[in-house]
Amino acid sequence: MTTQDGSPFQLVMTIGETEGLRITGGDDAEPTINTPAWTRITDEVANAYRNGSISVGSNITSSITMAEQSKSSPFLSGRAAMTFMPSYYRSDIIAATEQKLFGDDWGIVTQPVDSRNPDRASQFSLPIVFAITANSPNSEAAWALLQDFLGPEKAEQDAKLGIYRTFARLPDEMDQGPQGNSVFYKLNPDGQSVIANIGRALNEKTFRFEQALVQAGNEELQAVVKGDLSAADALKRLQAEAEAGQFGSAP
């Protein structure tokens, strides 16, 4: 399996969030990473990297052709049997298939869920929010334009261009097959998680703290994978560094 950015510690945090864990709390709560639950997850991720179940993916940051992307992608090139990616990756697979660059059978499943809340999506974000001011003199035209942005005609036009978006409202028709878009609508968003993620993204201190923590966590996890350090000791070190303010302050 590969992940979007190939960051081992980001994967640890993602799994933790799926289970309802948080490193940073609200208000003045101290960051908490040195716990049995986080230790278990860190150990599982380290073991998966160690035995080759998870490999570092391709982190593409510049514009490249689909042929180049297919060669660099472990999944599209056949070097990985599974990948954990955002919903837009479906467009890449379809494009690679149409260009005869990918010929394997494939399907999509929902994101991993917590067994205690099997219908909840912990990884859910709102990339774009449209807003119309209440006193706008052109509110009717604005609503008509918004309806065009999110309407079925626009979705059909995008599909013809190879653009497969996930809209906020249910499409009039959904492909129920293993490669279809219906899988993206099977889970319910966790409202508290969505609000918390937006708050963290908009809070510069929290954002910088988590960036620094992930960078340090990647280094510690590499030592765990090599067998130079236990998961428990790695998290103890991260906890001590966090409490000492080495990653900045976490609100």
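Numbering of the sequence shown is given in UniProt numbering, commencing with residue 1 and proceeding in unit increments. Just so you know, even glycine gets a beta-carbon here, dropped at the ideal spot from N, CA and C. Bear in mind the structure is a predicted one, so any value in this text is a computation, not a measurement.
Rounded separation between Arg22 and Leu202 - CA only: To locate residue 22, count along the sequence shown from 1; it is residue 22. To locate residue 202, count along the sequence shown from 1; it is residue 202. Cα to Cα, the separation comes out at about 17 Å.
Euclidean distance between Cα positions of Met1 and Gln222: Translated into positions along the sequence shown, residue 1 becomes position 1. Translated into positions along the sequence shown, residue 222 becomes position 222. Roughly 17 Å separates the two Cα atoms.
Exposed or buried, Phe247, counting other C-beta atoms within 10 Å across all chains shown (16 or more means buried)? Mapped onto the sequence shown, residue 247 falls at position 247. So Phe247 counts as buried.
May I ask you to check if the CB of Asn188 is nearer than 6 Å to at least one heavy atom of the ligand COA? Of the ligands one can find in the structure shown there are none, so the ligand COA has no counterpart to examine.
Give a yes or no on whether 7 Å exceeds the smallest Cβ distance from Gly6 to chain B. Chain labels in this structure do not include chain B; a single protein chain is all it has.
List the whole-angstrom C-beta distance separating Asp92 from Gln69, where the pair is believed to meet the contact cut-off of C-beta under 8 Å. Taking the sequence shown and counting its residues from 1, the one referred to as residue 92 is at position 92. Taking the sequence shown and counting its residues from 1, the one referred to as residue 69 is at position 69. Their Cβ separation, rounded to whole angstroms, is 7 Å, which keeps Asp92 and Gln69 in contact under 8 Å.
If we ignore side chains and look at the alpha-carbon of each, how far apart do Glu98 and Ala80 end up? In the sequence shown, the residue the question calls residue 98 occupies position 98. In the sequence shown, the residue the question calls residue 80 occupies position 80. Distance between the alpha carbons of Glu98 and Ala80 is about 20 Å.
Spell out the partners DSSP gives Asp104 in its beta bridges. Within the sequence shown, numbered from 1, the residue matching residue 104 stands at position 104. DSSP output for Asp104 lists no bridge partner at all.
Alpha-carbon to alpha-carbon, Leu101 and Leu76: Along the sequence shown, read from residue 1 onward, the residue named residue 76 stands at position 76. Along the sequence shown, read from residue 1 onward, the residue named residue 101 stands at position 101. C-alpha separation (whole angstroms): 8 Å.
8 Å Cβ shell around Gly245 - same chain, five flanking residues per side excluded: In the sequence shown, counting from the first residue as 1, residue 245 sits at position 245. No residues qualify anywhere along the chain.
DSSP three-state label for Gly248, please. Counting from 1 along the sequence shown, the entry for residue 248 is found at position 248. Looking at Gly248 - three-state DSSP - the assignment turns out to be strand.
Measure the Cβ-Cβ separation of Thr18 and Pro86 and say whether it is below 7 Å. Your numbering for residue 18 matches position 18 in the sequence shown. Your numbering for residue 86 matches position 86 in the sequence shown. Not closer than 7 Å, so no.
My output table needs one value for Asp114: the three-state DSSP class, helix, strand or coil. Counted from its first residue, the sequence shown places residue 114 at position 114. Strand at Asp114.
Under 8 Å by Cβ, that's how I've got Met13 and Val214 pegged, so tell me the actual separation to the nearest angstrom. Numbered from its first residue, the sequence shown carries residue 13 at position 13. Numbered from its first residue, the sequence shown carries residue 214 at position 214. So it is a contact: roughly 7 Å between Cβ atoms.
Tell me the DSSP bridge mates of Phe84? In the sequence shown, residue 84 corresponds to position 84, counting from 1. DSSP lists Thr3 as partners of Phe84.
Whole-angstrom distance between Arg208 and Ile198, CA atom to CA atom: Here residue 198 refers to the residue found at position 198 of the sequence shown. Here residue 208 refers to the residue found at position 208 of the sequence shown. One C-alpha to the other measures close to 14 Å.
Arg120, DSSP secondary structure in three states: Locating residue 120 in the sequence shown gives position 120, where the first residue counts as 1. It is a strand residue.
So Ile198 is in the alpha helix (DSSP H); what residue range does that whole segment cover? As a working note, residue 198 is residue 198 in the sequence shown. Run containing Ile198: 191–202, per the alpha helix (DSSP H) assignment.
The alpha helix (DSSP H) enclosing Thr39, as first and last residue numbers: Residue mapping note: residue 39 aligns to position 39 of the sequence shown, counting from 1. Looking at the DSSP string, the run of the alpha helix (DSSP H) that includes Thr39 is 36–50.
State the Cα-Cα distance for the pair Glu204 and Gln211, rounded to the nearest angstrom. Working through the sequence shown from its first residue, we reach residue 204 at position 204. Working through the sequence shown from its first residue, we reach residue 211 at position 211. Rounded to the nearest angstrom, the two C-alpha atoms are 10 Å apart.
Look up Asn188 in the DSSP assignment and give the residues it is bridged to. Counting from 1 along the sequence shown, the entry for residue 188 is found at position 188. For Asn188, which the question treats as bridged, DSSP gives the partners Arg120.
Spatially closest choice to Leu126 from Asp190, Trp143, Lys186, Gly151, by CA coordinates: Within the sequence shown, numbered from 1, the residue matching residue 126 stands at position 126. Per the Cα distances, Asp190.
Out of Gly78, Ile128, Asp119, point me to the one whose CA is closest to Asp104's CA. As a first step, residue 104 must be located in the sequence shown, where it is residue number 104. When each option's Cα is compared against that of Asp104, the closest is Gly78.
Check whether Gly16 and Ile54 have beta carbons under 7 Å apart: Numbered from its first residue, the sequence shown carries residue 16 at position 16. Numbered from its first residue, the sequence shown carries residue 54 at position 54. Going by C-beta atoms, Gly16 is not nearer than 7 Å to Ile54.
Take Ser139 and list the residues in its own chain whose beta-carbon comes closer than 7 Å to its own, dropping the five residues that flank it on each side. Counting from one through the sequence shown, the residue named residue 139 turns up at place 139. Cβ neighbours of Ser139 beyond the five flanking positions: Ile132.
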